[in-house]
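**Student:** Can you read through this structure? Questions will come right after.
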Amino acid sequence: SLAAAALGLLVLVAVVATAGYVQTRRALTGETAERKRAEATSQLAVEALDRIYNQFAPNRMVAPAALALDAADEEAYEVAVQPVLSDETAALLENMLVFYDRLADQNGMDQSTFRRKVAEANGRVGDIRQKLGQFTLAERAYQRAVEIYRGLVGEFGGDASIRKETARILNELGNVYGRTFEWTRARQAHASARSILEAASAAAASRHDMRYELARTHYFLARGHRFGR
Numbered sequence: 001s002l003a004a005a006a007l008g009l010l011v012l013v014a015v016v017a018t019a020g021y022v023q024t025r026r027a028l029t030g031e032t033a034e035r036k037r038a039e040a041t042s043q044l045a046v047e048a049l050d051r052i053y054n055q056f057a058p059n060r061m062v063a064p065a066a067l068a069l070d071a072a073d074e075e076a077y078e079v080a081v082q083p084v085l086s087d088e089t090a091a092l093l094e095n096m097l098v099f100y101d102r103l104a105d106q107n108g109m110d111q112s113t114f115r116r117k118v119a120e121a122n123g124r125v126g127d128i129r130q131k132l133g134q135f136t137l138a139e140r141a142y143q144r145a146v147e148i149y150r151g152l153v154g155e156f157g158g159d160a161s162i163r164k165e166t167a168r169i170l171n172e173l174g175n176v177y178g179r180t181f182e183w184t185r186a187r188q189a190h191a192s193a194r195s196i197l198e199a200a201s202a203a204a205a206s207r208h209d210m211r212y213e214l215a216r217t218h219y220f221l222a223r224g225h226r227f228g229r
C-alpha cells in the first residue's frame, strides 16, 4: 500500500512538474517571440531614421551626384549636386533626435548602438548648422556628439571608426571656433583630435580613414600656427 501510494505521489509530482515545465516554456517562448518582434520593429524604425538622415545630410565621404550640362561648343561640364541645406532641414533633424533616444529605451536594445547613432546624427546636424553659418547651434550639436563619442571611446577604445569620427567632430568643432575667432579653443579642439588619433593601435592607425583624419588634423594645427593663432 505504501509503495503504491509513493508511486502514485511520484507520478503526480511528475505530472505537475511536466505541466509546469510546459507552461513555463510556453510563457518563455511567447516572451521571446514578443521581444523579437519588438526588436524587429525598432530596427525598422532605426533604418527609417537613418534613411532620412542620409537623404537630408549624406555622409561627406560619399561622392556627390553630378549633372552634365551641354555648352554651346558641345563640351559637357559636370556640376556637383549638393543636398539642399536650410534651417528647416536642420531643425527637422534635431527634432528627430528624440526618436533615437526613445528607441534606445526599448528593452533588449543595444544601448551603445543607439548612442553611436545619436552622436552621428548630432554631428550631421552640426555640419548643416556650420554650413549655414549658425556657429552657436553648430557648436552645441558638435559638443553633444563629442560627449557621446568620448564615452564610447572609453568603452571601446580599440574601435578605429569611433576614434576617427570623434576626431572628425573635434576638428569640425575647432573650425567653428576658428570662424568665431576663438583661437585658443580651436587649437585645443584640434590637439584633442590629434591625441585621440595618435593613441590608436598600430592596426587602427594604418587605416586610410584614420591617416586621412590625422593629416587633416595636422593641417588645421599648422594653419593655426601660420596665422599666429
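So the sequence shown is residues 1 to 229, counted in my numbering.
Glycine included, C-beta positions come from ideal geometry on N, C-alpha and C.
1) Does the segment 154-170 come into contact with the segment 118-133, if we say contact requires no fewer than three beta-carbon pairs (one atom in each stretch) closer than 8 Å?
2) Tell me whether His190 is buried or exposed, calling it buried when 16 or more other Cβ atoms sit within 10 Å of its Cβ.
3) Which ranges would you report for the alpha helix (DSSP H) in the segment 84-167 if only whole runs of at least 4 residues count?
4) Going by the beta-carbon positions, is the gap between Leu173 and Tyr149 smaller than 8 Å?
5) Would you mind giving the Cβ-Cβ distance between Val146 and Ala90, rounded to the nearest angstrom? I have them listed as a contact below 8 Å.
6) Tell me the DSSP secondary structure of Arg216 in three-state form.
7) Tell me, to the nearest whole angstrom, how far the beta carbon of Ser112 is from that of Leu152; I am working on the premise that it is less than 8 Å.
8) Helix, strand or coil for Ser206? Go by DSSP, reduced to three states.
9) With DSSP run on the structure shown, which of helix, strand or coil describes Ala193?
10) Using the Cα positions of Asp209 and Ile128, report the straight-line distance between them to the nearest angstrom.
11) Going by CA-CA distance only, name the one from Val176, Asn171, Val98, Met96 that's closest to Leu132.
12) Give me, in chain order, the residues of the same chain whose beta-carbon lies closer than 6 Å to that of Ala138; leave out the 5 immediate sequence neighbours on both sides.
13) Assuming contact is defined by CB atoms lying nearer than 8 Å, are Glu213 and Leu197 in contact in what I supplied?
14) Should Tyr100 be labelled buried (16 or more other beta-carbon atoms within 10 Å of its own) or exposed?
**Tutor:** Reading from the atomic positions:
1) yes
2) Working through the sequence shown from its first residue, we reach residue 190 at position 190. Buried is the call here.
3) 87-104, 111-131, 135-155
4) The residue given as residue 173 occupies position 173 in the sequence shown. The residue given as residue 149 occupies position 149 in the sequence shown. No, Cβ-Cβ distance for Leu173 and Tyr149 is not below 8 Å.
5) Along the sequence shown, one-based indexing puts residue 146 at 146. Along the sequence shown, one-based indexing puts residue 90 at 90. With 8 Å as the limit, Val146 and Ala90 do not qualify as a contact, their Cβ atoms being about 18 Å apart.
6) As a first step, residue 216 is located in the sequence shown; it is residue number 216 there, counting from the start. Correct three-state label for Arg216: helix.
7) Stepping through the sequence shown from its first residue, residue 112 is reached at position 112. Stepping through the sequence shown from its first residue, residue 152 is reached at position 152. Contact flag correct, Cβ pair sits at about 7 Å.
8) Within the sequence shown, residue 206 is the residue found at index 206, counting from 1. Three-state result, Ser206: coil.
9) On the sequence shown, position 193 is the one that residue 193 refers to. The answer is helix: DSSP assigns Ala193 an H, G or I state.
10) Here residue 209 refers to the residue found at position 209 when the sequence shown is read from its first residue. Here residue 128 refers to the residue found at position 128 when the sequence shown is read from its first residue. Whole-angstrom Cα-Cα distance: 22 Å.
11) As a working note, residue 132 is residue 132 in the sequence shown. Comparing Cα positions, the closest option is Val176.
12) Here residue 138 corresponds to residue number 138 of the sequence shown, with the count starting at 1. Here the set comprises Gly126, Arg129, Gln130, Val176.
13) Counting from 1 along the sequence shown, the entry for residue 213 is found at position 213. Counting from 1 along the sequence shown, the entry for residue 197 is found at position 197. Yes, these two residues count as a Cβ contact at 8 Å.
14) As a working note, residue 100 is residue 100 in the sequence shown. Buried, since its Cβ has 16 or more Cβ neighbours within 10 Å.
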